[in-house]
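**Q** Just so you know, we're using this note's numbering here: the sequence shown kicks off at 306 and counts up by one.
Ideal Cβ positions, reconstructed from N, Cα and C, are used throughout, including at glycine.
Take a look at the following structure, please.
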Amino acid sequence: ADGLGSTVEALVLGAGGGAVRGSEELGRVGADRVVTLTNAAFARYAPEGLTQAVAERVKAGGYRAAVFAASAAGKDLAPRVAARLGTALAQDVTDVAVEGDAVVVTRPVYAGKALLRVRFAATPALLSLRPNVFTPVERPKPGTAETAAIDVPGGRVVVKEIKAADTGALDVAEALIVISGGRGLQEPANFKLLEDLAAAFGGRAAVGASRAVVDAGWRPHADQVGQTGKTVSPSLYIAVGISG
306 ADGLGSTVEA LVLGAGGGAV RGSEELGRVG ADRVVTLTNA AFARYAPEGL
356 TQAVAERVKA GGYRAAVFAA SAAGKDLAPR VAARLGTALA QDVTDVAVEG
406 DAVVVTRPVY AGKALLRVRF AATPALLSLR PNVFTPVERP KPGTAETAAI
456 DVPGGRVVVK EIKAADTGAL DVAEALIVIS GGRGLQEPAN FKLLEDLAAA
506 FGGRAAVGAS RAVVDAGWRP HADQVGQTGK TVSPSLYIAV GISG
């Protein structure tokens, strides 16, 4: 935003009826304005309604860039918004800069074997940031807050239930230490060794798994690390019994 000579507006979407989780932290990390849009359909992830709300806000605001998180929801929402706006999208970005008057980003391709630099020729530049690549920096601003109820349809797809992971289980995408196991462990029971090792790190480590292990039903898909699983950026990665 500084490079573009602009300001930062954080968009929060929720069902209303109280403070939306995380909204109070946004000013502390640099948001000039926090805008909360509420709709009963936003109690759970509602892709069609959220797409319309975000796209309309981006279009009306005349923003130079719109930034999403490359989370499971972000990877689903960002392409929908880009399609509705008819603009380009760069996913899983690991670096972003302003060159001249254009936004330039870097993203890994070919399973991380190469890095692609993308220059946005038009605005708004839509991009999603890979988790754990950028360190949050506190830049408190006085900022302003705005809340408004919006009328958008819930859509044809309705999320009925979200089954959370076991209490205390650390997501491999967020963990600073990941210990992954593969088919070389020979049987599911041997994952107890990795779980004990993860526990020795005092709650800072998560247990991951290869695709072969998940396909065999040894571990849930939420544990899968890789191209068809979750992208991880830990400080320490330990691979046990994984080929390649």
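1) With DSSP run on the structure shown, which of helix, strand or coil describes Q357?
2) In the DSSP output, what is Q529 paired with across the bridge?
3) Determine the contact status of G531 and R516, defining contact as a CB-CB distance below 7 Å.
4) Taking DSSP as the reference, what is the three-state secondary structure of R412?
5) Could you compute how far the alpha carbon of P447 sits from the alpha carbon of D337?
6) Measuring alpha carbon to alpha carbon, tell me which of Q357, A345 and D406 ends up nearest A427.
7) Look at the Cβ atom of V340, then the Cβ atom of E451, and state whether they are nearer than 7 Å.
8) Touch check for the segment 390-405 and the segment 362-375: three-plus C-beta pairs under 8 Å?
9) Is it the case that the Cβ atoms of L382 and L342 are separated by a distance below 7 Å?
10) Evaluate Q529 with the Cβ neighbour count: other Cβ atoms within 10 Å of its Cβ, from every protein chain shown; 16 or more gives buried, anything less gives exposed.
11) Do F425 and V438 have their C-beta atoms within less than 7 Å of each other?
12) Could you spell out the range, first to last residue, of the alpha helix (DSSP H) harbouring E500?
13) Comparing C-alpha positions only, which one of V545, F496 and D501 sits nearest to G522?
14) Between the Cα of P441 and the Cα atoms of G332, V363, R461 and V403, which residue gives the shortest distance?
15) Output the boundary residues of the beta strand (DSSP E) element that contains D400.
16) On the DSSP letters alone, give me the boundaries of the alpha helix (DSSP H) that G379 sits inside.
17) I'd like the span of the beta strand (DSSP E) that includes A544, first residue to last.
18) To the nearest angstrom, how far is the alpha carbon of G460 from that of G417?
19) If you draw a straight line from the C-alpha of A388 to the C-alpha of V512, how long is it?
20) Within 10 angstroms of its Cβ, does S485 collect 16 or more other Cβ (buried), or is it exposed?
21) Between which residues of its own chain and L379 is the CB-CB distance below 6 Å, once the five residues before and five after are set aside?
22) Between which two residues does the beta strand (DSSP E) carrying T428 extend?
23) Quick check on DSSP: helix, strand or coil for L316?
**A** Taking the structure as given:
1) Working through the sequence shown from its first residue, we reach residue 357 at position 52. If DSSP states are grouped into helix, strand and coil, Q357 belongs with the helices.
2) By 1-based counting over the sequence shown, the position of residue 529 is 224. Q529 is bridged to A514.
3) If you number the sequence shown from 1, residue 531 lands on position 226. If you number the sequence shown from 1, residue 516 lands on position 211. In this structure, R516 lies closer than 7 Å to G531 by Cβ.
4) Within the sequence shown, the letter at position 107 stands for residue 412. The answer is strand: DSSP assigns R412 an E or B state.
5) Along the sequence shown, read from residue 1 onward, the residue named residue 447 stands at position 142. Along the sequence shown, read from residue 1 onward, the residue named residue 337 stands at position 32. So the alpha carbons of these two residues sit roughly 7 Å apart.
6) Looking up residue 427 in the sequence shown gives position 122. The candidate whose alpha carbon is nearest that of A427 is D406.
7) The count along the sequence shown starts at 1 and reaches residue 340 at position 35. The count along the sequence shown starts at 1 and reaches residue 451 at position 146. Yes; because the gap between Cβ atoms is below 7 Å, this pair is in contact.
8) yes
9) Stepping through the sequence shown from its first residue, residue 382 is reached at position 77. Stepping through the sequence shown from its first residue, residue 342 is reached at position 37. Going by C-beta atoms, L382 is not nearer than 7 Å to L342.
10) Taking the first residue of the sequence shown as position 1, residue 529 is located at position 224. Q529 is buried by the Cβ-count criterion.
11) One-based indexing of the sequence shown puts residue 425 at position 120. One-based indexing of the sequence shown puts residue 438 at position 133. Their beta carbons are not under 7 Å apart, which means F425 does not touch V438 by this criterion.
12) Numbered from its first residue, the sequence shown carries residue 500 at position 195. Residues F496 to A505.
13) The residue labelled residue 522 in the question sits at position 217 within the sequence shown. For G522, the nearest C-alpha among the options comes from F496.
14) Start at 1 with the first residue of the sequence shown, and residue 441 comes out as number 136. Nearest C-alpha to P441: G332.
15) By 1-based counting over the sequence shown, the position of residue 400 is 95. Looking at the DSSP string, the run of the beta strand (DSSP E) that includes D400 is D400 to E404.
16) By one-based count along the sequence shown, residue 379 stands at place 74. Taken as a continuous stretch (DSSP letters only), the alpha helix (DSSP H) holding G379 covers A377 to L390.
17) The residue labelled residue 544 in the question sits at position 239 within the sequence shown. For A544, the enclosing beta strand (DSSP E) starts and ends at L541 to V545.
18) Along the sequence shown, one-based indexing puts residue 460 at 155. Along the sequence shown, one-based indexing puts residue 417 at 112. Whole-angstrom Cα-Cα distance: 35 Å.
19) If you number the sequence shown from 1, residue 388 lands on position 83. If you number the sequence shown from 1, residue 512 lands on position 207. One C-alpha to the other measures close to 36 Å.
20) Here residue 485 refers to the residue found at position 180 when the sequence shown is read from its first residue. Buried, by the Cβ-count rule.
21) Locating residue 379 in the sequence shown gives position 74, counting from the first residue. The amino acid occupying residue 379 in the given sequence is Gly; Leu does not appear at that position. Excluding positions up to five away in sequence, the list reads F373 and S433.
22) Counted from its first residue, the sequence shown places residue 428 at position 123. First-last for T428: undefined, no H or E at that position.
23) Indexing the sequence shown from 1 puts residue 316 at position 11. Looking at L316 - three-state DSSP - the assignment turns out to be strand.
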